[in-house]
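To start, the structure itself, in structure tokens.
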Amino acid sequence: MAVPPRGRVSSGKAQPAAPAAPSTSCAALAPPPRPAMAYEAAVPPRPACAYTSCYCEENVWKLCDYIRSQHQYPLEEFYAVFISNDRRMIPLWKQKSGHGDEPVVWVKDSVLSLSQ
1 MAVPPRGRVS SGKAQPAAPA APSTSCAALA PPPRPAMAYE AAVPPRPACA
51 YTSCYCEENV WKLCDYIRSQ HQYPLEEFYA VFISNDRRMI PLWKQKSGHG
101 DEPVVWVKDS VLSLSQ
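Number 6 in UniProt numbering belongs to position 6 of the sequence shown; there are no gaps in the numbering.
See the structure below:
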């Protein structure tokens, strides 16, 4: 037995199609977006940082101490990274003691990195 097409009956008279179900997309079911949280830096602005020229390890330690004391971010999410090589020559650009686009060559350097 043949099944009549949707919206029709076997008598041949056209019947109105059933009303469409309301759209329920995922976006319509999702909760409204929350306002974005303001970015809060983990370290103070550069002018407010304690800084000791030529003592990168000390500067990284002071940043870690600041982060720990603020209780804003877990210190475990940060890494003190020590940079060196067998030749003891690390070229770094954009250094305070640099001149123009020329690198400054250090024996070693230390930086603080966030794990995320």
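Beta carbons are placed, not taken as given, at the ideal position from N, Cα and C, and that holds for glycine.
All values reported here derive from a predicted model rather than from experimental measurement.
A distance below 8 Å separates the beta carbons of residue 104 and residue 92. Nearest neighbour of residue 58 by Cα position, chosen from 114, 90, 80 and 107, turns out to be 80. Secondary structure note for residue 110: it is in no alpha helix (DSSP H), and the uninterrupted beta strand (DSSP E) holding it is 109-114.
Of the residues 63, 56, 71 and 55, the one whose Cα lies closest to the Cα of residue 48 is 63. In the three-state scheme derived from DSSP, where H, G and I count as helix and E and B as strand, residue 91 is classed as strand. Nearest Cα to residue 44 within the set 77, 100 and 66: 66. Shortest Cα-Cα distance from residue 56 to any of 102, 96, 114 and 72 involves 96. Close CB contacts of residue 82 within its chain, under the 6 Å cut and outside five residues either way in sequence, are with 110 (chain order). In this structure, the CA atom of residue 71 is about 12 Å from the CA atom of residue 40. Taking C-beta separations shorter than 7 Å and ignoring five residues to either side along the sequence, the partners of residue 89 in its chain run 105, following chain order. Per DSSP, residue 43 lies in no beta strand (DSSP E) segment and is marked neither H nor E. Comparing C-alpha distances from residue 42 to each of 68, 52 and 53 shows the shortest one belongs to 68.
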